[in-house]
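**Q** Which chain is which? The protein sequence lines are P and X, in order. Heads up: the first sequence begins at 25 in my numbering, then just goes up one per residue. Heads up: the second sequence begins at 870 in my numbering, then just goes up one per residue. Note that the Cβ used here is the ideal one computed from N, Cα and C, for glycine as well. Just so we're clear, the structure is a prediction, and the values are computed from it rather than from any experiment.
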Amino acid sequence: MSNLLTVSPSPHIHSDDSTRKIMYRVVFALIPALIWSVFVFGADALRVTAIAVIACIAVEYLIQKYLMKVKPSINDGSALITGILLAFNVPAGLPWWIIVIGAVAAMGIGKLSFGGLGNNIFNPALVGRVFLLISFPVQMTTWPANQQAGTDAVSSATPLAVIKEGITSGTPVSQLFSEMPAATDMLLGNTTGSLGEISALMLIIGGLYMLFKKVITWHIPVSVIGSVAIIAGIFWLADPQSYVNPVYHLLTGGLMLGAIFMATDMVTSPMTPRGQIIYGVGIGAITISIRLFGAYPEGISFAILIMNAFTPLINNYVKPKRFGGK
Amino acid sequence: MLKTFKLGGVHPPENKISAGNAIEVLPPPKSVFIPVAQHIGAPATPVVKRGDLVKTGQLIAKSSSFVSTNIHASVSGKVKRVDFAADSSGYPKQGIFIDVDGDEWVEEIDRSEELVKDFDLDGKAIIDKIQEAGIVGLGGATFPTHVKLVPPKGMKAEVLLINGVECEPYLTSDHRLMLEKADKILTGTRLLMKALKVEKAVIGIENNKPDAIQLLTEKSKTFEGISVTALKVKYPQGGEKQLIKAVTGKEVPSGALPIAVGAVVSNVGTAFAVYEAVQKNKPLFERVVTVAGKNVAKPSNFKARIGTPTEVLIEAAGGLPEDTGKVISGGPMMGRAVSSLNVPVTKGTSGILLMENKEAKRNEPITCIRCSRCVSVCPMGLEPYFLKVVSEKQVFDRAEENRIMDCIECGSCSYTCPSSLPLLDYIRFGKGKVGQIIRSRKK
Ligand code: SF4
Ligand code: SF4
């Protein structure tokens, strides 16, 4: 025999799935929402996304090569996803240098300081977003006009901000609603907000694709969305003059983006279906608490980061159903 | 809805390319090497020496304790030497080399093809014959069959499950046997039922073998107490615990044997061997072996003598393809890669699989992305990613707490991991260590 036989332990075959394929499926699932935001915010949406992506990849490459002195792993697709998600979580008019700072925070603090892909505790894109929200509160809440819906100028507020402000100042909900886009407009995305969060419909299409391709399972999105709907619904039924209809909670403030794309980040979410449901309900409950009682109009970014911190604990205590009982 | 087991499972491509090819009898080779340890338990003790003349079917190594089996000559000829040589594990094992001369069988064996259905023997006599014939689980587990047939004190068998699942890709030896020897398998099953004193037997077959399901369902009508259950295709349904769950809905508790839920599992090949041993006085010295692979010229199912070198089977299947990178004894999920083509066919060899170079190489592993796929495919409800980490870091108490000993080494986790992590390699290492710790505690 001329060639030596390979001797390695079983199994001897491997599914044709790979980490890279999974990452590119996530990217693919983000495209409908990206197209929608280009439609709504024009070339700015592309500019912000491109800067965020390039910055995230560059930051990962530079830190890995020169600081960590390891082989850069930029082509695994994960930095690309973080870049797109970071862009999705900021206003479309954000200056380039703020985006770059966000990318440094996301990749440097959020991911590489923990050791890189697979080791980070917090969702890197959300670390970047919250860092920017704290450092640049004005720029981060200056929403560009929706070029389609014809909402006015640069300062147009997001639906959630309108509600928060109105309720705090005692305006009855019924009056607030006259100033709000209709639910169908919010579903479609005829409103304003962060670049990628405005069209619930496009995000749901992406989510269904990921479900179909088995990139994610239903547990996290359904438990987040379900718990928000139930808790917001209870408040609304109890006092419809002070609390808004749960549909608005579901369609606004990045809830779909968070539930479908941010909370489902594999690295930072629990490993078992039961753990994922606990995590999802936690996110839903914290989101609603912040929205109803906290200082910020939106709450899902913080809620996800808080539950990210609980993920190791959940993994430790919530074990899969074992074969053969306890 | 077809039955299957609940937790986990994967669907590797089936590649049953030799399913349509009838079993071909391979003549005895020029020489054989018959290891004395082809089963789980103590190796048998050789009872022949260099220069002895043996006949096909003659006892050449004797069972050395209860959990051990007899070994018989698979050919007639002259014992060349009793020595050590590598088997499929790659380690040298004691065995008997025989130079073949003709093919003279011991007189007691009934060589006719005629079906004998004689159920007069009592259970004890059946078990004795099985033990005498050196029968082991032919699905690959190679546990001595006579041991299984004697339930531990206080336990009682209620149902016999006959495993016709053959969930490993490529392998078709059980499938062919079911198609060609259905009556004999059913007779063997009746004999096993009698030995176990059970009234009920179920043959489990995956739905990708509709011809076998149909044939056995039809034929089983004339055998009291035997029925066939079609199962949804899912790997590792051929695992004992998974098959019991799929057919009876019961879960064997962690660390327990199937008998704990009243079940005993035997492979269809074993049932056939039982038939031959009890009705035809024929010891286990040959078996059906699939030879397959993407580039194999003539994918085949051979009835081969135990001890036949792998090489001889490959020749018979059209020769070793140019680009062969790996030769596996068994299936691609749980089989063993062999280092030499001299290793002999043994009682546990269900197939020989030839893989091309490209397939033989493993992918470069990258970091765990915590995608939880390994957890969701594990049929035992374990957390392979976690067991890998604790095995690697040698935190064996954590591994034990998280039930590393429950792992059935099915390979579903490594198969699935998108980061190509060799999870099972680490888990095997951890299992070995935890096993040692448990044994030392008992002392
Ligand atoms: S090899 Fe072990 S850990 Fe991996 S899937 Fe199979 S039973 Fe689970
Ligand atoms: S399948 Fe692989 S990458 Fe996914 S969690 Fe398990 S070990 Fe990690």
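1) Are the beta-carbon atoms belonging to cysteine 1240(X) and proline 1291(X) less than 8 Å from one another?
2) Taking Cβ to Cβ, would you say glutamate 913(X) is nearer than 8 Å to lysine 931(X)?
3) Let me confirm a value: asparagine 1314(X) is counted as buried when at least 16 other C-beta atoms fall within 10 Å, else exposed. Which label applies?
4) Isoleucine 1296(X): beta carbon under 7 Å from a heavy atom of ligand 1?
5) In or out: threonine 43(P) buried (at least 16 other Cβ within 10 Å) or exposed?
6) So what does DSSP say about proline 245(P), is it helix, strand or coil?
7) Taking only the alpha-carbon atoms, compute the straight-line gap between serine 900(X) and proline 1213(X) and give it to the nearest angstrom.
8) Closer than 7 Å: is that where the CB of isoleucine 1273(X) sits relative to any heavy atom of ligand 2?
9) Can we count cysteine 1240(X) as close to ligand 1, meaning its CB is less than 7 Å from some heavy atom?
10) Short check: CB of isoleucine 929(X) to CB of isoleucine 965(X), under 8 Å?
11) So which residues on chain P does serine 1208(X) lean against when the C-beta distance must stay under 8 Å?
12) Which residues, in chain order, does the region 1178-1195 of chain X contribute to contact with chain P at a C-beta distance below 8 Å?
13) Pull up the distance between the alpha-carbon of isoleucine 1306(X) and that of valine 31(P), whole angstroms please.
14) Reducing DSSP to helix, strand and coil, say where arginine 1205(X) ends up.
15) Mind pulling the chain X residues with CB within less than 7 Å of leucine 141(P)?
16) Quick check: is any heavy atom of ligand 2 less than 7 Å from the C-beta of threonine 241(P)?
17) Looking at the secondary structure, which residues open and close the beta strand (DSSP E) in which serine 61(P) lies?
18) Can isoleucine 240(P) and threonine 288(P) be called in contact, C-beta distance under 8 Å?
19) If I measure Cβ to Cβ from valine 342(P) and keep anything under 8 Å in the same chain, skipping five residues before and after, which residues do I get?
20) If we cut at 8 Å on Cβ distances, does valine 1244(X) have a partner in chain P?
21) Please list, in chain order, the chain X residues whose beta carbon lies closer than 8 Å to that of isoleucine 46(P).
22) Looking at the secondary structure, which residues open and close the beta strand (DSSP E) in which isoleucine 1197(X) lies?
23) From the DSSP output, which residues share a beta bridge with glycine 946(X)?
24) Give me the Cα-Cα distance between tryptophan 2(P) and leucine 110(P), rounded to the nearest whole angstrom.
25) Smallest Cα separation from serine 887(X): which of Leu990(X), Lys1151(X), Gly1220(X) and Phe935(X)?
26) Can you check which of these residues, Arg71(P), Gln199(P) and Met286(P), is closest to leucine 329(P) by C-alpha distance?
27) Hey, how far is the Cα of leucine 49(P) from the Cα of alanine 57(P)?
28) Look at the alpha carbon of serine 179(P) and the alpha carbon of histidine 273(P), and state the distance between them as a whole number of angstroms.
29) Just to confirm before moving on: does the CB-CB distance between isoleucine 995(X) and lysine 1063(X) stay below 8 Å?
30) So for aspartate 40(P), helix, strand or coil by DSSP?
31) Going by beta carbon distance, what residues of the same chain come within less than 6 Å of valine 271(P), once the five residues before and after it are set aside?
32) Please indicate yes or no: does the CB of valine 1246(X) lie closer than 7 Å to some heavy atom of ligand 1?
33) Lysine 432(P) CB to nearest chain X CB: under 8 Å?
34) Could you tell me which whole beta strand (DSSP E) segments of length 3 or greater appear in the region 1116-1142 of chain X?
35) Note down, in chain order, all residues in the region 323-337 of chain P with a beta-carbon under 7 Å from any beta-carbon belonging to chain X.
36) Below 7 Å, is the gap between the Cβ of tyrosine 48(P) and the nearest heavy atom of ligand 2?
**A** Taking the structure as given:
1) no
2) Just to set this straight, residue 913(X) is alanine in the shown sequence, not glutamate. Going by C-beta atoms, alanine 913(X) is nearer than 8 Å to lysine 931(X).
3) Outside the displayed span of chain X (870 to 1312) sits residue 1314(X), for which this structure offers no information.
4) yes
5) buried
6) helix
7) 10 Å
8) no
9) no
10) yes
11) Leu29 and Val31
12) Leu1189, Thr1193, Gly1194 and Lys1195
13) 28 Å
14) strand
15) Thr1236 and Ile1238
16) no
17) Taken as a continuous stretch (DSSP letters only), serine 61(P) belongs to no beta strand (DSSP E), being part of the alpha helix (DSSP H) at 43-65.
18) yes
19) Pro294, Thr296, Arg298, Gly299 and Ile302
20) yes
21) Ile1238, Cys1240 and Pro1287
22) 1193-1198
23) Val923(X) and Val969(X)
24) Lying before the first or after the last residue shown, residue 2(P) is absent from chain P, which here runs from 25 to 350.
25) Gly1220(X)
26) Met286(P)
27) First, the amino acid is wrong: residue 49(P) is arginine here, not leucine. Looking at the two C-alpha atoms, the distance is approximately 14 Å.
28) Caution applies to serine 179(P), whose pLDDT of 47 falls short of 50 and renders its modelled position unreliable; the value that the coordinates give is listed next. About 22 Å.
29) yes
30) coil
31) Ala207
32) yes
33) Summary: the structure shown does not reach residue 432(P), with chain P confined to residues 25 through 350, and so no result is reported for it.
34) 1132-1136
35) none
36) no
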